[in-house]
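Q:
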């Protein structure tokens, strides 16, 4: 080894030996892949209920069901419970395994020790490398305007949602500002808004029936969680402040119509690339004072955001942008969005076929639209199914639970229990099991 | 390459080539170290004020000073501002550089994608590897009882502090529970407690003057931030709930008297190993229901904690425990705590000598005590200096700022502005500059 540095540059050597690591890691991974998938299934089944966004305490029926699902939850077991209550985006794992070394990150023990990332930035804990890749990705995808925006990074977009409420609320108002969203709304909005009993903001329910005068915050989720429809604000009064949650405004879920150009927009890697474990989200903020207050919120809440995950996210997002550019330029490797679009497309076809064979359920219908990213007219294929039980079934969640499919009731989204939300982002194994169960139901009836 | 796997095991090869990476990385690092320290100084100078815990908005004097410090802040510049306002623990970087490959982590792009870490744990987002290393470290150091405790991981101990307030507050009380701490208290406690205007809890100031009847939460920081003294609860009434913040209860700062055995105890890697950028803290919690509510808080706040940083923290903590065990067994390499103890010891000696030569300042005096970790009688050497300006100087912070030393006024800690808090954890370069400035002051007067 001693003489090598004289013959080659250190960088060449480093790249060479990193490649060696990764090839070795991948070999070991592929050998243990079978076992890995099994255990990851086991985890997700149990966790769905622990992580039930809608309520603080786990209802007895849910927790007993959770216990059953944990016990009966081996991939082999046909009697096992399929947990599609939450949106754990493990469907994308295959793509990242294929990418191999391109997105492997190595962090030495002495790196990223300081609290601080960039003194010159309002968001002083934002890693410049991540900021650069976020701007590049939005330019490549064309789903958001970044010019004249401040980027605030958060521990997932949940933290940024709370930071936005804090930043937009009048600090000295006589009463908390109303927070509304059109039903069906994301099931976590009410509990996230109210769990601290804040004097600054208060959940005020369905935006469609919001009558109160004065200032308010409207949450606009587009495409919407749970039903997947494209949305605009519905209240439209002079004193309204808007937060746009665009977690699902990516080409695999919905046609990209134009770059989003709002006051305050939230995104997250959890749904864009599938790296939920990183807990990285970002906000694009027009008003400098709002960006400062959001930064202050995160400072008081967690004194910044994991640098390790910011650096890893930067590397993953760079790979996504590169894959898009290479696909366009060389018609070469499949881009991340082509890959994920195809999976979602196939799953939705299979699901629609299964549901149509049965007369018991119905699905939302979406109008096709031109996608500026894929430059063709495409149909939305949301990350969740918003399924309706037709006929006499009033409680769709309980009905499906009897068939060992865990879903989230429409009640949590402010609408009828005839609806349930079902994740489309789970493992292939769970998704196929889910389709089998649906088919079995119609055969029974 | 193709034939190698047949000759050697994959693992041997992996270790071999990882070692190669690190040696290369270290060479490149050492070549660019000079430049690195310069830029990191630049960052920290600016950020100190952005990250001024005490107040939401930056006062004009501070922000103008911030601008000056940023401009005038090249290591070469003797006129530059030394920012010791915050406790950025970069002093430990040297140790982690020496450790090299032992704490380098490599994370492939497909790893840790799920939200979930361990379904069987109340804290479902806690990485089992981290949980194991936390228990091991506390056993090796002897600073906390882990038997019969639930571990809740957080995005730094700040998030766990808020989670604790949420978990301990009566959910349906007529008025918010009082939160108190004996002055001088950590300058962030008041703003962290009140910034959300929560109806659950409210800052009620100095515990020594707390008279109100009924339930209350007392924050006990030991050794105390800012003054470094060992503390016990002071209110001691029947309806008191205690949160013990033991961020500095490590051998480099204070003699370890016995394993802490409280209801709810907070720790953080930021101050124990110096990895503030990871944003990893942990709570040891006796009551299962409290652990569940703290977990729920983090679920609603950030839906878990960065897996990347949890895995990296596990690796760093393992290296710390290993270094202690090896030192004891083989009298070999210096352990992390021996290394950091020696640095703190040297800095305190230099500081006391400088301060004693001047008649203008005074420092706290600590009684030596037996340290069960180092098995000898030692003196505390806190992470912060609690400096008092003697004589006619009423505003110590403004006085030192005129000499280009940024500190945090006693006002933020609930006491007189004759006191300031000064970080002892900054870079060698900044610490030596700080001592030079202090000496210069006494020469002037």
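Residue numbers (the numbering used here), protein chains in the order written: chain X, 1 to 445; chain H, 1001 to 1445.
Beta carbons: idealized from backbone N, C-alpha and C, even for Gly.
1. Is the separation between the beta-carbon of residue 255 of chain X and that of residue 380 of chain X shorter than 8 Å?
2. Starting from residue 138 of chain X, follow the alpha helix (DSSP H) in both directions and report where the run begins and ends.
3. I'd like to know if residue 115 of chain X contacts chain H, where contact means its C-beta is closer than 8 Å to some C-beta of that chain.
4. Output, in sequence order along the chain, the residues in the region 1099-1113 of chain H whose CB is closer than 9 Å to any CB in chain X.
5. Which word fits residue 335 of chain X, buried or exposed, when buried means at least 16 other C-beta atoms lie within 10 angstroms of its C-beta?
6. Taking the Cβ atom as the reference point for each residue, do residue 1107 of chain H and residue 1308 of chain H lie within a distance shorter than 8 Å?
7. Mind checking the region 1183-1200 of chain H against chain X and listing, in chain order, the residues whose C-beta falls within less than 7 Å of any C-beta there?
8. Measure the C-alpha to C-alpha separation of residue 1395 of chain H and residue 1413 of chain H and round it to an integer number of angstroms.
9. May I ask which residues mark the beginning and end of the alpha helix (DSSP H) holding residue 1396 of chain H?
10. Does the distance between the C-beta of residue 257 of chain X and the nearest non-hydrogen atom of the ligand PLP fall short of 7 Å?
11. When you compare only the Cα positions, how much space is there between residue 1159 of chain H and residue 391 of chain X?
12. Can residue 103 of chain X and residue 319 of chain X be called in contact, C-beta distance under 8 Å?
13. Using the beta-carbon of each residue, which ones in chain X are nearer than 8 Å to residue 1347 of chain H?
14. Residues of chain X with CB closer than 7 Å to the CB of residue 1274 of chain H, please, in chain order.
15. Give the DSSP-derived three-state secondary structure of residue 1158 of chain H in the structure shown.
16. For residue 282 of chain X, write down the residues that DSSP places opposite it in a beta bridge.
17. Going by DSSP, which residues form a beta bridge with residue 311 of chain X?
18. Residues in the same chain with beta-carbon distance under 7 Å from residue 1386 of chain H, minus the five sequence neighbours each way, listed in chain order, please.
19. Starting from residue 96 of chain X, find everything on chain H with Cβ-Cβ shorter than 9 Å and list it in chain order.
20. Quick check on the DSSP output: the alpha helix (DSSP H) that includes residue 93 of chain X runs from which residue to which?
21. For residue 448 of chain X, which residues from the same chain have a beta carbon less than 6 Å from its beta carbon, with the 5 sequence-adjacent residues on both sides left out?
22. Can you find the residues in the same chain that come closer than 7 Å, C-beta to C-beta, to residue 1263 of chain H, ignoring five residues on each side of it along the sequence?
23. State buried or exposed for residue 1325 of chain H, treating a residue as buried only when at least 16 other CB atoms are found within 10 Å of its CB.
24. Going by DSSP in three states, residue 1118 of chain H sits in which element: helix, strand or coil?
25. At the 8 Å Cβ level, is residue 70 of chain X part of the contact set with chain H, yes or no?
26. Would DSSP call residue 1212 of chain H helix, strand or coil?
27. Judging by CA-CA distance, which residue of H/1217, H/1299, H/1146 and H/1384 is the nearest neighbour of residue 188 of chain X?
28. Going by Cα to Cα distance, which pick from H/1086, H/1142 and H/1120 is closest to residue 1374 of chain H?
29. If the cut-off is 8 Å on Cβ atoms, which residues from the region 1300-1318 of chain H count as contacting chain X, listed in chain order?
30. Below 8 Å on the Cβ atoms is my contact criterion, and I expect residue 202 of chain X with residue 1198 of chain H to pass it. Report the Cβ-Cβ distance as a whole number of Å.
31. Any idea which residues DSSP pairs residue 1241 of chain H with across the strands?
32. First and last residue of the beta strand (DSSP E) that includes residue 201 of chain X?
33. Please compile the residues from chain X whose C-beta is within a distance smaller than 8 Å of the C-beta of residue 1278 of chain H.
34. Which word fits residue 115 of chain X, buried or exposed, when buried means at least 16 other C-beta atoms lie within 10 angstroms of its C-beta?
35. Beta carbon of residue 253 of chain X, beta carbon of residue 383 of chain X: below 8 Å?
36. Please check the pair residue 1406 of chain H and residue 1354 of chain H, which I expect to be a contact at CB under 8 Å, by giving their CB distance rounded to whole angstroms.
A: Looking at the coordinates:
1. yes
2. 128-141
3. yes
4. Against chain X - using a Cβ distance shorter than 9 Å - the residues of the region 1099-1113 of chain H are 1099, 1100, 1101, 1102, 1103, 1104, 1105, 1106, 1107, 1108, 1109, 1110, 1111, 1112 and 1113.
5. buried
6. yes
7. 1191, 1192, 1195, 1196, 1197, 1198, 1199 and 1200
8. So the alpha carbons of these two residues sit roughly 14 Å apart.
9. Start and end: 1396-1402.
10. Judged by which ligands are present, the structure shown has none, so any question about the ligand PLP falls away.
11. When rounded, the distance between both Cα atoms is 47 Å.
12. yes
13. Here the premise fails: no neighbours, minimum Cβ distance about 18 Å.
14. Residues of chain X with a Cβ closer than 7 Å to the Cβ of residue 1274 of chain H are, in chain order, 113.
15. helix
16. X/153 and X/267
17. The partner list for residue 311 of chain X (beta bridge, DSSP) is empty, contrary to what the question assumes.
18. 1226, 1227, 1228, 1364, 1419 and 1421
19. Within 9 Å Cβ-Cβ: 1108, 1109, 1110, 1111 and 1113.
20. 93-99
21. Because chain X spans 1 through 445 in this model, residue 448 of chain X falls outside it and cannot be assessed.
22. 1242, 1286 and 1287
23. exposed
24. coil
25. At residue 70 of chain X, the pLDDT of 34 sits below 50, so the modelled position is not reliable; the number obtained from the coordinates is stated separately. Among the CB atoms of chain H, one or more fall inside 8 Å of the CB of residue 70 of chain X.
26. Judged by DSSP in its simplified three-state form, residue 1212 of chain H adopts coil rather than helix or strand.
27. H/1299
28. H/1142
29. 1300, 1301, 1302, 1303, 1304, 1305, 1306, 1307, 1308, 1309, 1312, 1315 and 1316
30. 12 Å between Cβ atoms; not a contact.
31. H/1217
32. 201-206
33. 112, 306, 307 and 308
34. Counting of Cβ neighbours within 10 angstroms places residue 115 of chain X among the buried residues, the total reaching 16 or more.
35. yes
36. Rounded, the Cβ-Cβ distance is 18 Å, inconsistent with contact.
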